[in-house]
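Shown next, in structure tokens, is the structure this report addresses.
Numbering (the numbering used here), first residue to last: 36 to 325.
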């Protein structure tokens with residue numbers, strides 16, 4: 036199963052809950068779509084990155100048919116010649132979700148993805164340098180899966196991620212040796228999707244970033260849990276086969292406390308501004324905690 040499909044399937048289980056209906060969550064996303072077919076980001080303009088999250092979410096909720104056709108918005112980016120890897124992956128995924136990814140164009144898209152392959156054979160999320168990053172490998176693998184194939188050198192990606200391992204947790208890149216929840220989740224998810232074993236300590240490290248009051252922090256020393264870290268940690272833990280029964284009730288309460296019926300899910304307990312990305316993280320988290 037592709038990363039895209041596993042994310043959509045997990046988010047599909049996020050609601051309804053006793054507190055949140057499918058209709059309410061879908062409305063939050065639909066209200067963010069602009070007349071050009073794209074979805075708003077932090078501002079009023081349509082943003083490709085956030086459009087990708089909206090399309091995944093509405094697909095999970097069964098509301099894809101309710102969309103204003105996003106084709107014109109997606110077409111303006113062509114083959115993503117000026118995009119970084121995160122936005123390029125969002126473009127490929129959005130075209131896949133809307134049925135506008137032609138098999139005959141796979142080589143052209145792959146050529147664009149290869150622009151982010153580094154000297155070590157792995158991928159970096161911003162540029163092609165000496166070494167890849169955990170986020171870059173995650174994005175590249177997901178994009179290639181959306182094209183219906185695998186990256187040319189998966190062994191190089193595995194080797195890159197192994198170099199980023201630090202006692203079970205993972206750096207995003209060796210130039211910034213900080214172990215974090217998102218990087219560890221990206222590495223563990225990518226390795227599992229490639230059929231490679233993950234460090235048996237990865238799940239234990241992720242649990243050290245969990246707040247006893249619910250949710251996961253970006254790193255153990257962070258002051259509070261946040262929804263991004265919670266969503267990716269829960270996703271990675273489930274991918275690795277971890278039983279979430281002992282944390283399900285507390286973490287579910289944490290996520291539900293971030294729900295605002297007018298704007299969606301807050302990023303954390305003190306930041307009350309939401310967007311399509313965090314609304315997706317809310318669904319993804321709840322999908323693993325039902």
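We put the beta carbon where it would ideally sit given N, CA and C, even for glycine.
Taken atom to atom, the span from the alpha-carbon of residue 152 to that of residue 189 is near 12 Å. Counted as a single uninterrupted DSSP element, the alpha helix (DSSP H) harbouring residue 57 occupies residues 57-65.
Its chain contains 203 as the residues whose beta carbon lies nearer than 8 Å to that of residue 239, once the 5 sequence neighbours on both sides are disregarded; these appear in chain order.
Non-local beta-carbon contacts of residue 221 in its own chain, meaning distances under 6 Å to residues more than five positions away in sequence, involve 169, 170 and 173 in chain order. Residue pairing for residue 200: DSSP places it in a beta bridge opposite 205. Between the alpha carbons of residue 299 and residue 211 lies a gap of roughly 33 Å. Per the C-alpha coordinates, the member of 162, 155, 176 and 154 positioned closest to residue 145 is 176. Contact between residue 167 and residue 157 holds, since their C-beta atoms are separated by about 3 Å, short of 8 Å. Using a 10 angstroms sphere on the CB of residue 312, the tally of other CB atoms reaches 16 or more, which defines it as buried.
The residues 249 and 250, in chain order, have a CB closer than 6 Å to that of residue 289 in the same chain once the five nearest residues on each side in sequence are set aside.
DSSP links residue 214 through a beta bridge to 206.
Residue 87 is positioned such that its CB atom lies no closer than 9 Å to that of residue 45. Contact check for residue 269 against residue 295 fails: the beta carbons are separated by 9 Å or more.
Residue 317 carries a helical assignment under DSSP once its states are collapsed to helix, strand and coil. When secondary structure is reduced to three states using DSSP, residue 100 falls in the helix class. The alpha helix (DSSP H) runs lying completely inside the region 131-158 and spanning 4 residues or more are 141-148, given in chain order. Straight-line measurement puts the Cα of residue 315 at about 13 Å from the Cα of residue 261. The straight-line gap separating the alpha-carbon atoms of residue 139 and residue 182 is approximately 10 Å.
For residue 111, DSSP records no beta bridge to any residue. The DSSP-derived three-state label of residue 82 is coil. Annotation for residue 171: the continuous alpha helix (DSSP H) segment containing it runs 169-182.
DSSP, read as helix, strand or coil, puts residue 287 in helix. In this structure residue 276 does not touch residue 49 by the C-beta definition: roughly 20 Å separates them, more than the 8 Å allowed. Sequence-distant Cβ neighbours of residue 159 in its own chain, meaning closer than 8 Å and more than five residues away, are 120, 151, 153, 166, 167, 168, 171 and 208. When secondary structure is reduced to three states using DSSP, residue 295 falls in the strand class. Residue range 237-243 is occupied by the alpha helix (DSSP H) that includes residue 239. Two segments are said to touch when three or more pairs of C-beta atoms, one from each, lie closer than 8 Å; by this definition the region 48-66 does not touch the region 104-116.
Contact annotation, residue 95 with residue 47: C-beta distance approximately 4 Å; criterion of less than 8 Å satisfied. DSSP lists 81 as the bridge partner or partners of residue 75.
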